[in-house]
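Written out below as structure tokens is the structure these notes cover.
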Amino acid sequence: KGDFATGNSIKYKVAFKKNTMSSISKLESIVIPYALGNIIVLSPSGGEIWQPDSEQKITWSAWDYEKSYPMRLEYSLDGGKTFQTIIAKAENSGAYSWNIPGNPAIITEQALVRVCDSYDNKVYGISDGMFSITGVESRR
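The opening residue of the sequence shown carries number 971 in our numbering; numbering runs sequentially from there.
Given below as structure tokens:
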């Protein structure tokens, strides 16, 4: 934890220890395990009815990432064909309060939320199912 910087490059440190029997220090091998993180959107999970011009809580789990690592939050109004940015870099706190725009063009029954690694858009979690953004009073 804390050894890697955010971004596409892995930075590492190597320390050589002088052998007391010889004046030559030698690195035999180095292994740097790296795996993409896991991101799961917890809410909205599908079936919710949210209203335009309201504040709703998006929650996720990204346990392979440090809290300071930035996540990008996005929404789709067309079942995931296209996405718009909610926030480009949110702290990985597991929750974000989204102020849904009050624009009537946001009305849909095919909304999804996606939470992405802000440096690698191939790593993301998405709502389990579609939810609605409508003028009807919320049931959840």
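Glycine included, every Cβ here is placed at the ideal spot set by N, Cα and C.
These figures come from a predicted structure and were not determined experimentally.
Rounded to the nearest angstrom, what separates residue i and residue j at their Cα positions?
i	j	result
D1087	S1046	17 Å
T1052	V1093	16 Å
G1016	I1077	16 Å
Y1035	E1061	10 Å
A1058	K1027	17 Å
A1032	Y1039	10 Å
N1091	G1105	32 Å
Y1066	L1043	9 Å
I1103	L1006	32 Å
S1013	D1098	9 Å
W1138	D1023	Not covered by the structure: residue 1138. The range shown for the chain is 971 to 1110.
K971	T1055	Model confidence at K971 stands at a pLDDT of 40, short of 50, so the residue's coordinates are unreliable; what they give is reported in the following sentence. The straight-line gap from Cα to Cα measures roughly 28 Å.
I1009	P1074	30 Å
Cβ of residue i within 9 Å of Cβ of residue j?
i	j	result
I1070	L1082	no
V1011	V1085	yes
E1018	F1101	yes
G1049	Q1021	no
G1064	W1030	yes
Just list the residues that DSSP pairs residue i with in beta bridges.
i	result
P1040	E1061
K1027	S1067
Y1053	According to the sequence provided, residue 1053 is Phe. The question's Tyr does not apply to it. Paired residues: none, contrary to the question.
D1087	M1041 and D1090
L1006	BP columns for L1006 are empty, so no partner.
L1047	None; L1047 has no bridge partner.
G1095	V1085
S1102	I1019
V1011	W1030
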